[in-house]
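Working notes, structure below.
Residue numbers (my numbering), protein chains in the order written: chain A, 1 to 354; chain B, 355 to 616.
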């Protein structure tokens, strides 16, 4: 499987109550696609269709060339799909220990008990909770349980992984740790990964591609950079239209890959991702004075009216998007090619370990 | 924390009256018991026969309730059968119908005069009434609803997403049921079976009507109690004490489920 990464192809139509879901997406092996959307957009339905807990009305779901669902002829039940699921609130089996939870999939496949337990122990080690092997889920913290849930899904040797809001149930501090580890494990996973989330930060930090789902329809899709820099609707802009900066932190200073220095409020070390909300980027004709600790001189690459806001894109190396009011835009009178100062308060920037 | 509200005198008196209603018969039974001959009363041949028969029929009924009730509870809890409310009403009927009516109905359906009973007689030479099998059937009839209700409730409380995850891990439906659903509802299976067994043990009306009162074959403990009370009240009370002791043990076994304040 590692030698020949499989592709997940989804092209489906499902009607359930008020929801009319029509989604087409492709996830290549070794990559992560995040499906981002508000509650009720159809994310859970999409997930249930891919795992096989819901039959699609029309279309086709295929994994590595194997057709999983293509009404009216083909329907592979969940147990035959080879799709690992990491649910939101871990859903570990409460009557089994962490080790037995992870050994569940090999046991269900008929692997001898001793071998299954050895494999489970190795996976627990890999996700960093080997010491908790004999604990029941009730004794685990949210972060620990979510790690065990990931190990349990991986133990089935799935051809594809589905993550359903894997970090939503965790507190903010745990979330950062689990997110970092999850990122590492997903990078090592050879198959396609579909991540469903309503949290843009999860999508931006874990995924390679974004699919924005609204009211049952894909409103935009593309790489992270494409979607964040050019959100096609006001809604997508609000959801993910944020500036994403890759860099290396040393204390409160981040050196971006484009050579910019960004000052953040919370010190960090090593490779980081930082998000800067476009609304937090202020533009000035004159060098700004006062409190902002980040200011850069850039060139206007693009001015775009989106709803009641104006989005101004600066050319690299600054490469930020600023969102300003039409009144401010009129006052600045910005044209493509103009030089302009951008400033951001350190407290407006959220940085995460990569 | 706020202090608990002080109840009114009238309320206390009414509650005490209810307590007396439950406690007095119990005390009466203990007070009237003929302790000196208790061992002899309980080890007489008729008493031992009744006890043995009661244990056998009630255990058989509990096993039948488990075997028949689990699939039914599953259907009620997890499937979309069209006439589910009707089906549930049918299941609950034996709980509300007077047992004597239940026994009469069983007799009408399976007795020698009925088509099924006639067929059993013609084909196998079997006449149910008067046999231990009839006593088991009567007890199963009244006891199974208790089991079905308990297990259906337990199945509804299991998050079906646990089963969905198990399926996505490659487990077939049987494996999911055996390794996930069953262990998660196991405590309720046990308490449901114990409840059904206790109900079967105490069954009188349906048994006496359908199975009859044949010593050593259908005369279970409750039937023996009723009969002995007329001839030798002391012996009848001794047998009653056995049934009481069993009930106390059952209550103690299920204390986590029922004696806990919700």
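We put the CB at the ideal spot given by N, CA and C, even for glycine.
Pairing residue 202/A with residue 279/A, the inter-Cα distance amounts to about 20 Å. Residues of the same chain with a CB within less than 8 Å of the CB of residue 41/A, apart from the 5 flanking positions on each side, are 213, 214, 215 and 216 in chain order.
Listed in chain order, the positions of the segment 183 to 203 of chain A with a beta carbon within less than 9 Å of a beta carbon of chain B would be empty, since no residue qualifies.
By the 16-neighbour rule on beta-carbons within 10 angstroms, residue 39/A is exposed. Beta-bridge analysis with DSSP links residue 235/A to no other residue. Residue 353/A is bridged by DSSP to 272/A. Close to residue 525/B, with beta-carbon spacing below 8 Å, are these residues of chain A in chain order: 79, 104, 105 and 108. When secondary structure is reduced to three states using DSSP, residue 61/A falls in the strand class. Annotated three-state conformation of residue 157/A is coil, per DSSP.
Within chain B, no residue has its beta carbon less than 9 Å from that of residue 159/A; the closest one is some 11 Å off.
Fewer than three pairs of CB atoms, one per stretch, sit closer than 8 Å, so the segment 502 to 515 of chain B makes no contact with the segment 572 to 585 of chain B. When the beta-carbon positions are compared, residue 383/B and residue 598/B come within less than 8 Å of each other. Remark: three or more beta-carbon pairs, one from each stretch, lie closer than 8 Å, so the segment 296 to 311 of chain A and the segment 330 to 337 of chain A are flagged as touching. Under the DSSP assignment, residue 324/A falls in the beta strand (DSSP E) whose first and last residues are 321 to 324. Boundaries of the beta strand (DSSP E) around residue 339/A: 339 to 344. For residue 36/A against residue 268/A, the beta-carbon gap comes to about 25 Å, at or over 8 Å, which does not count as contact.
Taken in chain order, the complete beta strand (DSSP E) segments of 3 or more residues contained in the segment 142 to 215 of chain A are 160 to 164, 193 to 197 and 209 to 214.
The beta carbon of residue 146/A sits closer than 7 Å to those of 90, 166, 170 and 178, all from its chain and outside the five residues before and after it, given in chain order. Legend: CB atoms of the segment 132 to 156 of chain A lying less than 9 Å from CB atoms of chain B belong to residues 149, 152, 153, 155 and 156. DSSP places residue 88/A in no beta strand (DSSP E); its state is neither H nor E. Here residue 366/B is exposed, its C-beta having fewer than 16 other C-beta atoms within 10 Å.
Straight through space, the alpha carbons of residue 25/A and residue 64/A are spaced by roughly 14 Å. 529, 530, 533, 534, 537, 538 and 540: these are the residues of the segment 529 to 541 of chain B whose beta carbon lies less than 9 Å from some beta carbon of chain A, given in chain order. With 16 or more neighbouring CB atoms inside 10 Å of its own CB, residue 186/A falls in the buried class. Relative to the Cα of residue 343/A, the nearest Cα in the group 351/A, 43/A, 316/A and 286/A belongs to 286/A. Relative to residue 33/A, the option among 224/A, 16/A and 60/A whose CA is nearest is 224/A. A contact between stretches requires three or more CB pairs, one per stretch, nearer than 8 Å, and the segment 77 to 97 of chain A meets this requirement with the segment 52 to 66 of chain A. When only Cα atoms are considered, residue 329/A and residue 520/B end up about 56 Å apart.
A residue is called buried when at least 16 other Cβ atoms come within 10 angstroms of its Cβ; residue 564/B meets this threshold and is buried.
As computed with DSSP, residue 250/A is found in a beta bridge with 253/A and 269/A.
Taking a Cβ-Cβ cut-off of 8 Å, the neighbours of residue 84/A in chain B comprise 522 and 523, given in sequence order. Near chain A, meaning a CB-to-CB distance below 8 Å, the residues of the segment 499 to 519 of chain B are 513, 515, 516, 518 and 519. A contact between stretches requires three or more CB pairs, one per stretch, nearer than 8 Å, and the segment 53 to 60 of chain A fails this requirement with the segment 135 to 150 of chain A. The Cβ atoms of residue 512/B and residue 453/B do not sit closer than 8 Å to each other.
DSSP, reduced to helix, strand and coil, places residue 126/A within a helical segment of the structure shown.
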